[in-house]
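Each remark here refers to the structure printed beneath this line.
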Amino acid sequence: LRVPVDANDDVEIDPTGSKGLWDRGLLNGASNKCDLLSHFYVGEMVTSVQRATLIPGGSESLVYTTLSGSIGVLIPFASNEDYDFFQHLEMHMRAEYQTLVGRDHLAFRSYYYPVKNVLDGDLCEQ
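Quick note on numbering: full-length UniProt numbering labels position 93 of the sequence shown as 93, and the sequence is numbered without any gaps.
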């Protein structure tokens, strides 16, 4: 989730925030909503999220842990070429790789909402 860019302008205009109580968005929604940049179903309850640098001088990543003790990492891609390569690899792996229970991988990762801007490293690792 990311706060919209113009949210800071609203705070500068009305620092008390009382205007935001009465402003309603479309269909009586919230006046300020966060933007959903990516979505990915982990399959377990995430208990901790930490921002960390895995390599000295490298880009920051999100490291998360789950209730059953799994550790996962969300790492940003450095270039669009890498993203395109792994996206095609994931697409072909979904078509070729069969799970033990016969469940569709994309349906699992999109359990509540469709997968958005995230590639599954566990599937590509197979």
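All C-beta atoms, glycine included, are put in the ideal place defined by N, C-alpha and C.
Note that the coordinates shown come from a computational prediction; the quantities given were computed from them, not determined experimentally.
Check, Outcome
"Complete runs of the beta strand (DSSP E) confined to the region 36-84 [at least 3 residues]", "46-53, 60-66, 71-74"
"Reference residue 62; option with closest CA among 53, 40, 70, 68", "53"
"Assigned exposure category for residue 109 - 16 Cβ within 10 Å defines buried", "buried"
"Selected residue, minimal CA-CA separation from residue 67, among 85, 57, 76, 44", "44"
"Where residue 90 falls, given that 16 or more other Cβ within 10 Å makes a residue buried", "buried"
"Distance CB(residue 36)-CB(residue 87) smaller than 8 Å", "no"
"Residue range of the alpha helix (DSSP H) that includes residue 109", "105-109"
"Rounded separation between residue 74 and residue 84 - CA only", "17 Å"
"Straight-line Cα distance separating residue 81 from residue 101", "33 Å"
"Pairwise C-alpha distance: residue 60 and residue 33", "25 Å"
"Span separating the alpha-carbon of residue 2 from that of residue 38", "10 Å"
"Beta-carbon contacts of residue 78 that lie in its chain and below 8 Å, excluding the five residues immediately before and after", "59"
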